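*Asks:* In my numbering, the protein residues as written are 21 to 243. We put the beta carbon where it would ideally sit given N, CA and C, even for glycine. Being a predicted model, the structure only gives us computed values, none of them experimental.
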Amino acid sequence: MGTRTARINFLRGCLREFGISVPVGARRGIDAVRQALASADNGLPDLLRPLIEEALAEIACLEQRSAHLERELARLTRADPIVHALMNIPGIGLLTATALRAAIVDIQRFASGRHLASWLGLTAREYSSGEKRRLGRISKRGDVYLRTLLIHGARAVLNASLGAARRGRTLDRLRTWALATEQRCGYNKATVALANKLARIVWATWKYQRPFDGNWTLRTVAA
Numbered sequence: 021m022g023t024r025t026a027r028i029n030f031l032r033g034c035l036r037e038f039g040i041s042v043p044v045g046a047r048r049g050i051d052a053v054r055q056a057l058a059s060a061d062n063g064l065p066d067l068l069r070p071l072i073e074e075a076l077a078e079i080a081c082l083e084q085r086s087a088h089l090e091r092e093l094a095r096l097t098r099a100d101p102i103v104h105a106l107m108n109i110p111g112i113g114l115l116t117a118t119a120l121r122a123a124i125v126d127i128q129r130f131a132s133g134r135h136l137a138s139w140l141g142l143t144a145r146e147y148s149s150g151e152k153r154r155l156g157r158i159s160k161r162g163d164v165y166l167r168t169l170l171i172h173g174a175r176a177v178l179n180a181s182l183g184a185a186r187r188g189r190t191l192d193r194l195r196t197w198a199l200a201t202e203q204r205c206g207y208n209k210a211t212v213a214l215a216n217k218l219a220r221i222v223w224a225t226w227k228y229q230r231p232f233d234g235n236w237t238l239r240t241v242a243a
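1. So, with DSSP's three-state summary, where would you put Phe-38?
2. Can you tell me whether Ala-131 is helix, strand or coil according to DSSP?
3. Buried or exposed: Val-164, going by 16 or more other Cβ atoms within 10 Å of its Cβ?
4. Grab me the residues of Trp-244's own chain with a C-beta within less than 8 Å of its C-beta, minus the 5 sequence neighbours each way, in chain order.
5. Quick one, are the C-beta atoms of Ala-210 and Arg-195 less than 9 Å apart?
6. Just to confirm, is the Cβ distance from Gly-111 to Leu-214 under 9 Å?
7. Which two residues bound the contiguous alpha helix (DSSP H) that contains Met-107?
8. Give the straight-line distance between the Cα atoms of Leu-68 and Arg-204, rounded to the nearest whole angstrom.
9. When burial is assigned at 16 or more other CB atoms within 10 Å of the CB, is Arg-36 buried or exposed?
10. How would you label Asn-29, buried or exposed, when you count the other beta carbons within 10 angstroms and need 16 or more for buried?
11. Alpha carbon to alpha carbon, how far is Asn-216 from Thr-168?
12. Check the C-beta distance from Thr-97 over to Thr-116 and give it rounded, since I have them as a contact under 8 Å.
13. How long is the line joining the alpha carbons of Val-143 and Gly-133, rounded to whole angstroms?
14. Report all residues from its chain with a CB closer than 7 Å to the CB of Ser-181; omit the five preceding and five following residues, and keep chain order.
15. Tell me which residues share the same chain as Leu-82 and place their Cβ nearer than 7 Å to its Cβ, disregarding the 5 neighbours each side in the sequence.
16. Which residue spans inside the segment 193-234 form an unbroken alpha helix (DSSP H) run of at least 4?
Laid out in structure tokens, this is it:
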């Protein structure tokens with residue numbers, strides 16, 4: 021998936037050199053590149069066109085491999101109730117659920133959701149002295165891949181919540197909290213804070229083997 025993203029960005033940069041704009045987003049970007057290839061009078065050099073077609077073919081191959089791997093993951097975890105329970109949490113899909121399952125193995129290793137979030141590097145560093153408590157950036161310790169997946173998932177949840185709020189839809193307590201955090205701290209900090217919250221929800225869902233409820237009390241989620 022990372023290689024696919026890199027290839028799409030490469031094509032976006034190539035076409036920009038000739039004044040051809042490619043929109044953000046993987047599918048929209050690929051469609052725009054194909055449209056540019058289909059046009060004969062957009063200033064794209066003939067020498068470059070075969071290279072772009074080759075890159076598009078590589079992207080298609082990568083997508084097929086990714087889809088195959090996801091099908092294999094789904095098959096391997098079909099009978100795993102923990103993976104299915106985690107996938108019901110907003111922002112956590114098959115890749116994140118299986119990665120957490122494989123890395124954590126036994127949730128009893130962590131005494132609380134905060135311990136799990138800290139293990140993932142999603143808690144703030146503390147710089148305190150005397151009676152003053154100062155919190156800095158997240159520690160970024162632990163598994164980079166897991167932390168990245170959770171942050172991407174949190175970003176997707178936050179974006180969806182922002183869109184739902186603009187359309188006047190009713191949001192559950194988790195999403196309402198995410199929007200309030202975004203207004204108070206800004207988009208990027210809210211994304212990381214939500215990733216921290218999702219890690220704690222993962223712990224509670226797994227630990228107590230109960231389905232996700234977006235209206236859990238904050239005290240329960242932060243346990």
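*Replies:* Taking the structure as given:
1. In this structure, DSSP gives Phe-38 a state outside helix and strand, which the three-state scheme calls coil.
2. Per DSSP, reduced to three states, the secondary structure at Ala-131 is coil, with no helix or strand assignment.
3. Classification for Val-164: exposed.
4. Examination of residue 244 is not possible in this model, given that the chain is present from 21 through 243 alone.
5. In this structure, Arg-195 does not lie closer than 9 Å to Ala-210 by Cβ.
6. In this structure, Leu-214 lies closer than 9 Å to Gly-111 by Cβ.
7. Counting along the chain, the alpha helix (DSSP H) containing Met-107 begins and ends at 101-107.
8. Looking at the two C-alpha atoms, the distance is approximately 47 Å.
9. Counting other Cβ atoms within 10 Å of its Cβ, Arg-36 stays below 16 and is therefore classed as exposed.
10. Counting Cβ neighbours within 10 Å, Asn-29 comes out exposed, since fewer than 16 surround it.
11. When rounded, the distance between both Cα atoms is 12 Å.
12. In this structure, Thr-97 and Thr-116 do not form a Cβ contact; the two beta carbons are roughly 12 Å apart against a cut-off of 8 Å.
13. Before going on, a small fix: residue 143 reads as Thr here, not Val. Going by the C-alpha atoms only, they are around 11 Å apart.
14. Closer than 7 Å at Cβ, skipping near neighbours: Leu-191, Arg-195, Ala-198, Leu-199.
15. Closer than 7 Å at the Cβ level, and outside the excluded window around Leu-82, lie Thr-23, Arg-24.
16. Unbroken alpha helix (DSSP H) runs of no fewer than 4 residues, entirely contained in the segment 193-234, are found at 193-205, 207-228, following chain order.
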